């Protein structure tokens, strides 16, 4: 074999190995309630250390398509960081609204219902079935109302191994904010991540003590304040400080480090 052919063969091997090392993306529909399915956008690294179930904010109706695209929410903080989470060795599942909530108002008025808890429980169980390692809920903005409520309701069985709340809803005239929930029931690790300049009226940093003071039962808890980045547009939207615009990689890295995965 000539040197040139040997170099070409080595290059092909390296390219093949690099491709095999890349996370793969699939769309999965799982049964969650009688006659209802949950669609997950799943990003899987070659060897996952654990899993994260990502819960978007807003109305939560991503309307994930069979090819992996979505009609809404691709810019949401936890949705747009799905690949960075996977690059850190985590199996990632982005949760859509269930099949019976695929039109407006999607998850609005639904996030603290037994049905939504059942949907989240089914998604957690599916992730557990995919391989070893813990399953964490990671949510942002209105998704924190879903994640905190589900973690509390599933505290005795079927719940996550850890909870990450980013840009938490701390006050809400339209519903129950996270600090008003029975957070003392949580026994799992809880990480609260907040931008020190979050300008959303529902997420004022000054209101954080109402949340963190309720986590005395958690096996481990911390409030992680971050700064920097760039704020653009509506202060409650994904590309403001509220959505950690410009510092996504740093925030994801600090979250995964805090998880202390094997």
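Numbering (mature numbering (1 follows the signal peptide of the UniProt record, and there is no 0)), first residue to last: -21 to -1, 1 to 241. Idealized CB from N, CA, C, for every residue including glycine. The structure displayed is predicted, hence computed values, not measured ones.
Is residue 148 helix, strand or coil when you go by DSSP?
In the chain shown, counting from the first residue as 1, residue 148 sits at position 169. It is coil, neither helix nor strand.
Can the beta-carbon of residue 21 be found closer than 8 Å to that of residue 72?
For the purposes of this step, residue 21 is taken as the residue at position 42 of the chain shown. For the purposes of this step, residue 72 is taken as the residue at position 93 of the chain shown. Contact: yes.
Exposed or buried, which one is residue 124 when buried takes at least 16 other CB atoms within 10 Å?
Against the chain shown, residue 124 aligns to sequence position 145. With 16 or more other Cβ atoms within 10 Å, it is buried.
Taking C-alpha atoms, which residue in 209, 95, 110, 241 lies nearest to residue 122?
The residue given as residue 122 occupies position 143 in the chain shown. Residue 122 has its Cα closest to that of 95, out of 209, 95, 110, 241.
Cβ atoms of residue 133 and residue 171: under 8 Å apart, would you say?
On the chain shown, residue 171 is found 192 positions in, with the first residue counted as 1. On the chain shown, residue 133 is found 154 positions in, with the first residue counted as 1. No, they are not a contact pair.
Give me the Cα-Cα distance between residue 69 and residue 33, rounded to the nearest whole angstrom.
As a working mapping, residue 69 is identified with position 90 in the chain shown. As a working mapping, residue 33 is identified with position 54 in the chain shown. Approximately 12 Å, taken between the alpha carbons.
Using a Cβ-Cβ cutoff of less than 7 Å, which residues in the same chain neighbour residue 228 once the five nearest sequence positions on both sides are dropped?
Stepping through the chain shown from its first residue, residue 228 is reached at position 249. So the qualifying residues of the chain are 63.
For residue 103, which beta-bridge partners are listed by DSSP?
For the purposes of this step, residue 103 is identified with residue 124 of the chain shown, where counting begins at 1. None, per the DSSP bridge assignment.
Does the Cβ-Cβ distance between residue 187 and residue 130 come in under 8 Å?
For the purposes of this step, residue 187 is identified with residue 208 of the chain shown, where counting begins at 1. For the purposes of this step, residue 130 is identified with residue 151 of the chain shown, where counting begins at 1. Against a cut-off of 8 Å, the Cβ pair of residue 130 and residue 187 comes out as no contact.
Sequence-distant residues of the same chain with beta carbon closer than 6 Å to residue 310, five excluded per side
Residue coverage of the chain in this structure runs from -21 to 241, which leaves residue 310 outside it and unanswerable.
Return the first residue and the last residue of the beta strand (DSSP E) that residue 16 is part of.
Taking the first residue of the chain shown as 1, we reach residue 16 at position 37. Element bounds for residue 16: 15 to 23.
Tell me the start and end of each unbroken alpha helix (DSSP H) in the stretch 35 to 101 that is at least 4 residues and wholly inside, in chain order.
56 to 59, 61 to 66
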